[in-house]
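Numbering follows my numbering, in which position 151 of the sequence shown is assigned residue number 216; successive positions increment by one, without gaps. First the structure, in the form of structure tokens, and then the observations on it.
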Amino acid sequence: MRLSSILVALSSAAATTAALAAPAPEPVTVNLTAASGDGHPYAALLDRIEASKNRLDASGSDITGTPLPKIVNEFSGTVGIGTPAAKLQSCSPDLWVLSSQCTSIYCSTAPRVFDPTLSSTFQKGNVSTDDKYVDGTETIGTNAFDTVTVGSFALKQAEFTLVQSYTPASSQSANAIDGILGLSFPIDSTKTHYNQPVITSMINSGVVTNPQFGYYVAPGDQSATMTFGGYNDQLFSDPTATPIWLPVATSIANVTASGAWAVSASSFKVGNGSPVTFTASTIAIMDTGTSLALLPQAAYNALSAYPGSSPVPVSSGVVLYQVSCTPPSNAPALSFFFGSVNLTITADEYVVNLGQSNGQSVCILGFQPTKADALLLGNTFLKRFYTVFDYGKKQVGFAVGKGRKPITSASSASSKVSSLTAIVATIIAFAVWAF
């Protein structure tokens with residue numbers, strides 16, 4: 066049978082109860098690998114930076130007048146759908162997979178698609194779906210039910226979307242994924258049909274007895290892991306450390322409705338500079354499905370203090386900061402304040418190598434500005450930590466990840482969690498937030 070690949074992360078959904086197989090030993094870890102070449106999400110951004118040298122893209126259009134593409138997650142892992150299981154690459158929100166009946170040109174170039182006629186446990190649904198993401202991705206299909214396998218966990222009659230029309234955000238992302246596995250809270254919506262997240266179904270049915278999952282990116286950014294049914298403290302910088310926990314901001318409007326792993330954010334600081342204070346309603350969304358991080362404009366502007374940074378116009382009113390790929394000794398630490406908790410990252414995390422251009426590496430500060438009153442913290446932020454997502458207590462835990470360097474006085478600000486450990490976690494209902 067043809068195999069099916071899907072990008073995994075975390076997001077939202079609702080309704081339908083699934084019957085499960087017997088509980089598997091916990092926890093279960095799924096290994097994730099980085100995309101490469103033209104399939105890597107940074108490829109489009111590197112093209113944009115190169116085009117900015119003469120302000121023209123390949124078609125001769127002024128690139129400063131076109132939107133900057135959202136940079137999606139560069140990691141994917143393997144899950145299974147059907148009996149026998151089709152292998153799926155996985156890494157973002159809501160569970161959908163490209164169908165063998167998909168008529169879009171991008172489906173014909175996908176590494177794998179799902180053929181429902183080859184699964185003895187497949188059941189067709191009767192609900193049509195049309196999902197649009199802020200990065201321009203659109204999927205049209207119908208709901209369906211089949212056995213979904215994540216590691217040794219098997220969820221029978223799990224709901225997913227069988228995609229029959231697929232429009233990716235870019236040609237690069239089209240070659241990188243064949244679907245998405247959502248892991249956020251269910252979306253609170255009476256207007257639109259959302260599949261219940263697989264992780265929620267696993268918890269509700271007892272397949273997973275410990276309602277947590279953990280995410281870790283290894284130094285070098287070429288591999289990562291996602292652990293279900295708990296977390297792996299051996300991937301903490303200090304295995305005896307206890308994660309610092311932040312509650313999900315359920316009291317803030319739209320957080321519960323969106324299903325987001327969002328916490329209240331209070332301020333941001335570059336090195337020993339003056340802090341940029343946020344509003345009482347500012348949230349930070351922890352998003353494993355995004356490679357970079359999005360900051361409100363005032364916080365983003367503070368990054369200009371980075372030594373040797375060079376602003377590069379890449380879209381209308383948007384600049385990215387190009388920097389040396391070898392951070393200077395005085396590269397500042399970046400401090401994110403969540404009430405009394407300060408989570409600090411170093412240049413080893415936030416200087417991002419986009420790849421080679423004319424034989425030389427091109428690096429940027431791994432952030433983009435947003436007009437929203439929110440931060441979207443992708444792998445630029447998360448990869449410093451082992452992040453634990455706790456469904457049961459609705460909280461996110463952070464501990465410094467194994468192999469990450471300690472914060473030094475030269476790079477500034479002390480961190481309340483600089484000796485801790487943790488990593489990654491979640492994605493959101495993009496339609497709710499106007500990034």
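The beta carbon of each residue, even a glycine, is placed where N, CA and C say it ideally should be.
Here's the rule: buried if 16 or more other CB atoms are within 10 angstroms of the residue's CB, otherwise exposed. What is I136?
Here residue 136 is taken as the residue at index 71 of the sequence shown, counted from 1. Note that I136 has pLDDT 47, beneath the 50 cutoff, so the model's placement of it is unreliable and the number below is only indicative. Classification for I136: buried.
Throw me the rounded Cβ distance for the P276 and P262 pair, which I believe falls under 8 Å.
Translated into positions along the sequence shown, residue 276 becomes position 211. Translated into positions along the sequence shown, residue 262 becomes position 197. Not quite, the Cβ-Cβ distance comes to about 12 Å (not below 8 Å), so this is no contact.
Ends of the alpha helix (DSSP H) at Q362?
Counting from one through the sequence shown, the residue named residue 362 turns up at place 297. That run of the alpha helix (DSSP H) goes Q362 to N366.
Can you look up C172 in the DSSP assignment and give me helix, strand or coil?
Taking the sequence shown and counting its residues from 1, one reaches residue 172 at position 107. It is helical.
Given a cut-off of 8 Å on the beta-carbon distance, is the pair A439 and T347 in contact?
Counting from 1 along the sequence shown, the entry for residue 439 is found at position 374. Counting from 1 along the sequence shown, the entry for residue 347 is found at position 282. Cβ distance < 8 Å, so A439 and T347 count as in contact.
Am I right that G462 and W310 are in contact with their C-beta atoms under 8 Å? What's the rounded C-beta distance?
Along the sequence shown, one-based indexing puts residue 462 at 397. Along the sequence shown, one-based indexing puts residue 310 at 245. Cβ-Cβ separation between G462 and W310: approximately 5 Å, consistent with a contact (criterion under 8 Å).
Give me the Cβ distance between Y371 and A396, rounded to the nearest whole Å; I'm assuming they're in contact under 8 Å.
In the sequence shown, residue 371 corresponds to position 306, counting from 1. In the sequence shown, residue 396 corresponds to position 331, counting from 1. At roughly 7 Å, the Cβ-Cβ gap stays under 8 Å, so Y371 and A396 are in contact.
Does the region 289–301 touch the region 357–370, meaning 3 or more C-beta pairs lie closer than 8 Å?
no
How is the beta strand (DSSP E) around V406 delimited, first residue to last?
As a first step, residue 406 is located in the sequence shown; it is residue number 341 there, counting from the start. From DSSP, the beta strand (DSSP E) with V406 extends over V406 to I410.
Just the C-alpha distance for D455 and P393, rounded to the nearest angstrom, thanks.
As a position in the sequence shown, residue 455 is number 390, starting the count at 1. As a position in the sequence shown, residue 393 is number 328, starting the count at 1. Straight-line Cα distance between these residues: approximately 37 Å.
Should Q229 go down as buried or exposed, given a rule of 16 or more other Cβ atoms within 10 Å for buried?
One-based indexing of the sequence shown puts residue 229 at position 164. The residue in question, Q229, is buried, as its Cβ has 16 or more Cβ neighbours within 10 Å.
Residues near T17 by beta carbon distance below 6 Å, same chain, minus five either side:
Not covered by the structure: residue 17. The range shown for the chain is 66 to 500.
Rounded separation between V427 and G285 - CA only:
Counting from one through the sequence shown, the residue named residue 427 turns up at place 362. Counting from one through the sequence shown, the residue named residue 285 turns up at place 220. Pairing V427 with G285, the inter-Cα distance amounts to about 16 Å.
To the nearest angstrom, how far is it from the Cα of A367 to the Cα of G271?
Looking up residue 367 in the sequence shown gives position 302. Looking up residue 271 in the sequence shown gives position 206. The alpha-carbon atoms of A367 and G271 are separated by roughly 47 Å.
Quick one, are the C-beta atoms of V328 and A314 less than 8 Å apart?
For the purposes of this step, residue 328 is taken as residue 263 along the sequence shown, with counting starting at 1. For the purposes of this step, residue 314 is taken as residue 249 along the sequence shown, with counting starting at 1. Contact: yes.
Who are A325's beta bridge partners in DSSP?
As a position in the sequence shown, residue 325 is number 260, starting the count at 1. Residue pairing by DSSP places A325 opposite no residue, since no beta bridge is assigned to it.
Report the CB separation of P92 from G247 in whole angstroms; it is logged as a contact under 8 Å.
Start at 1 with the first residue of the sequence shown, and residue 92 comes out as number 27. Start at 1 with the first residue of the sequence shown, and residue 247 comes out as number 182. 19 Å between Cβ atoms; not a contact.
Going along the chain, which residues of its own chain have a beta-carbon closer than 6 Å to the beta-carbon of S400, five neighbours each way excluded?
Numbered from 1 along the sequence shown, position 335 holds the residue referred to as residue 400. If we look at S400 and ignore the five residues flanking it on each side, its Cβ neighbours are K334, N407, T409 and A478.
Straight-line CA distance for P11 to Y451?
Residue 11 is absent from the model: the chain starts at 66 and stops at 500.
State yes or no: is the C-beta of V213 within less than 8 Å of the C-beta of G145?
On the sequence shown, position 148 is the one that residue 213 refers to. On the sequence shown, position 80 is the one that residue 145 refers to. Yes.
Cα separation between L183 and A223?
For the purposes of this step, residue 183 is taken as the residue at position 118 of the sequence shown. For the purposes of this step, residue 223 is taken as the residue at position 158 of the sequence shown. In this structure, the CA atom of L183 is about 17 Å from the CA atom of A223.
Just checking my contact of N208 with N260 at CB under 8 Å: how many whole Å lie between their CB atoms?
The sequence position of residue 208 within the sequence shown is 143, counting from 1. The sequence position of residue 260 within the sequence shown is 195, counting from 1. Indeed they touch by this definition, with Cβ atoms about 6 Å apart.
N275, enclosing beta strand (DSSP E) - first and last residue:
Numbered from 1 along the sequence shown, position 210 holds the residue referred to as residue 275. Note, N275: premise wrong, no beta strand (DSSP E); not H, not E.
When you compare each of K459, V178, K448 and L227 to N191 by their alpha carbons, which one comes out closest?
Counted from its first residue, the sequence shown places residue 191 at position 126. Answer by Cα proximity: L227.
Does DSSP put G462 in a helix, in a strand, or in coil?
Counted from its first residue, the sequence shown places residue 462 at position 397. Correct three-state label for G462: strand.
Whole-number beta carbon distance between P434 and Q362, since they are thought to touch under 8 Å:
Taking the sequence shown and counting its residues from 1, one reaches residue 362 at position 297. Taking the sequence shown and counting its residues from 1, one reaches residue 434 at position 369. Rounded to whole angstroms, the Cβ separation of Q362 and P434 is 5 Å, and the two are in contact under 8 Å.
With a threshold of 7 Å on Cβ separation, who are the neighbours of Q166 within its own chain once the five nearest residues in sequence on each side are excluded?
Position 101 of the sequence shown, counted from the first residue, corresponds to residue 166. Only Q229 meet the Cβ criterion.
For D195, does the count of other Cβ atoms within 10 angstroms reach 16, so buried, or fall short, so exposed?
Indexing the sequence shown from 1 puts residue 195 at position 130. With fewer than 16 other Cβ atoms within 10 Å, it is exposed.
DSSP three-state call for I205: helix, strand or coil?
Mapped onto the sequence shown, residue 205 falls at position 140. Reduced to three states, the DSSP call for I205 is strand.
By how many angstroms is the C-alpha of F187 removed from the C-alpha of P181?
Stepping through the sequence shown from its first residue, residue 181 is reached at position 116. Stepping through the sequence shown from its first residue, residue 187 is reached at position 122. Cα to Cα, P181 sits roughly 6 Å from F187.
Distance CB(W161)-CB(F218) smaller than 8 Å
Residue numbering aside, residue 161 sits at position 96 when the sequence shown is read from its first letter. Residue numbering aside, residue 218 sits at position 153 when the sequence shown is read from its first letter. Taking 8 Å as the Cβ cut-off, W161 and F218 do not qualify as a contacting pair.
Is the distance from the Cβ of S185 to the Cβ of T148 below 8 Å?
For the purposes of this step, residue 185 is taken as residue 120 along the sequence shown, with counting starting at 1. For the purposes of this step, residue 148 is taken as residue 83 along the sequence shown, with counting starting at 1. Closer than 8 Å, so yes.
Measuring straight from C-alpha to C-alpha, what distance separates Q287 and A99?
The residue you call residue 287 lines up with position 222 of the sequence shown. The residue you call residue 99 lines up with position 34 of the sequence shown. Looking at the backbone, the Cα of Q287 and that of A99 are separated by about 5 Å.
Could you tell me which of F210, L220 and T204 sits nearest to P233, measuring between CA atoms?
The residue given as residue 233 occupies position 168 in the sequence shown. Looking at the Cα atoms, T204 is the closest of the given residues.
CA-to-CA distance, G424 to G466, given in whole angstroms:
Taking the sequence shown and counting its residues from 1, the one referred to as residue 466 is at position 401. Taking the sequence shown and counting its residues from 1, the one referred to as residue 424 is at position 359. C-alpha separation (whole angstroms): 32 Å.
Residues of its chain near F140, where Cβ-Cβ distance is below 7 Å and the 5 sequence neighbours each way are ignored
For the purposes of this step, residue 140 is identified with residue 75 of the sequence shown, where counting begins at 1. The residues are L97, T98, A99, C156 and A289.
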